[in-house]
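These notes are about the structure you will find just below.
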Amino acid sequence: MASSSERYNIIYLAKLAALAERYDDMIDAMKKLVKNNIDLTAEERNLLSTAYKKVTEPKRESWKRLSTTKQKEDTIYKNETYIKCIQDYRNIVELDLANICYDVIILIDDHLLPFASCAESSVFYLKMAYQLAKEAFEVAMLELDDLGGKASSKDSKVILNLLRDNLTLWKAKNDERNL
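Its first residue numbered 6, the sequence shown is counted upward by one per residue in the working numbering.
Laid out in structure tokens, this is it:
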């Protein structure tokens, strides 16, 4: 358990990292705090959320740009070498993004939800997890669109749509409970 001065120093470091736009450092600071298995304050929750958002947004944008470039290459230029190069590079970005999302989910499951002392904290963490799942779903659907009309991709789309429907229902039920 971090003492109050250690906690203050970690938060101060996270704020400095945000000021310097060094969001990976901000994540490191917030992870250090989270791993103390304590309930975060509203300010601390926002710092954690901001850190991960600022790290994932550019990666999501990179993934989208690479997907758009691949679509152009597929339809206009049709250069197989370039298409493969784009796919490989997009996969690297995708893996980076997936690792970050996995990291957040582990933090939520192992260190945040078990120590949330109020409904507000739990809802915040569940919404973070929901947003990550939603983004992963959207990326998966775009990936399936790239596969074309293969039977397996159609089956996968059906499954993903069912998952999306379940996520939507889960979110609605969660919102109802918190009214």
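Here a beta-carbon is modelled for each residue, glycine too, at the ideal position from N, C-alpha and C.
**Request:** Taking all protein chains shown into account, decide if V163 is buried (16 or more other Cβ within 10 angstroms of its Cβ) or exposed.
**Result:** exposed
**Presumed contact (8 Å Cβ cut-off) between N14 and H116, rounded CB distance** = The Cβ separation is near 19 Å, so there is no contact.
**Request:** If I'm right that L118 touches Y130 with Cβ under 8 Å, what's the distance once you round it to whole angstroms?
**Result:** 5 Å
**Message:** Under DSSP, the alpha helix (DSSP H) around I88 begins and ends at which residues?
**Reply:** Here the alpha helix (DSSP H) through I88 covers 85–112.
**Asked** Taking the Cβ atom as the reference point for each residue, do K75 and I88 lie within a distance shorter than 8 Å?
**Response** yes
**Prompt:** Between the Cα of W68 and the Cα atoms of L45, N96, W175, which residue gives the shortest distance?
**Reply:** Restricting attention to L45, N96, W175, the CA atom closest to the CA of W68 is found in N96.
**Asked** In whole angstroms, what separates the C-alpha of L71 from that of Q136?
**Response** 22 Å
**Asked** Looking only at C-alpha atoms, which of M133, R65, N171, S122 sits nearest to V98?
**Response** R65
**Request:** Please name the residue, chosen from E181, T173, K139, L172, that lies closest to A124 on a Cα-to-Cα basis.
**Result:** E181
**Request:** Would you mind sorting E49 into buried or exposed? The rule is 16 or more other CB atoms within 10 Å of its CB.
**Result:** buried
**Message:** Suppose contacts are defined by Cβ-Cβ distances below 8 Å. Is A134 in contact with L165 by that definition?
**Reply:** no
**Expected contact under 8 Å - CB spacing of I32 and A47 to nearest Å** = The Cβ separation is near 19 Å, so there is no contact.
**Asked** Per DSSP, what kind of secondary structure is L45 in: helix, strand or coil?
**Response** coil
**Simplified DSSP assignment, three categories, for S10** = helix
**Item:** Given V128 as reference, the closest of A25, L45, S8 once Cα atoms are compared
**Value:** Distance from the Cα of V128 is smallest, within the candidate group A25, L45, S8, for L45.
**Request:** Return helix, strand or coil for K40, following the three-state DSSP convention.
**Result:** coil
**Item:** Neighbourhood of N84 by C-beta distance below 8 Å, restricted to the same chain and skipping five residues each side
**Value:** Here the set comprises E78.
**Asked** Considering only residues of the same chain and omitting the five flanking positions on each side of A7, which have a CB-CB separation below 6 Å?
**Response** N41
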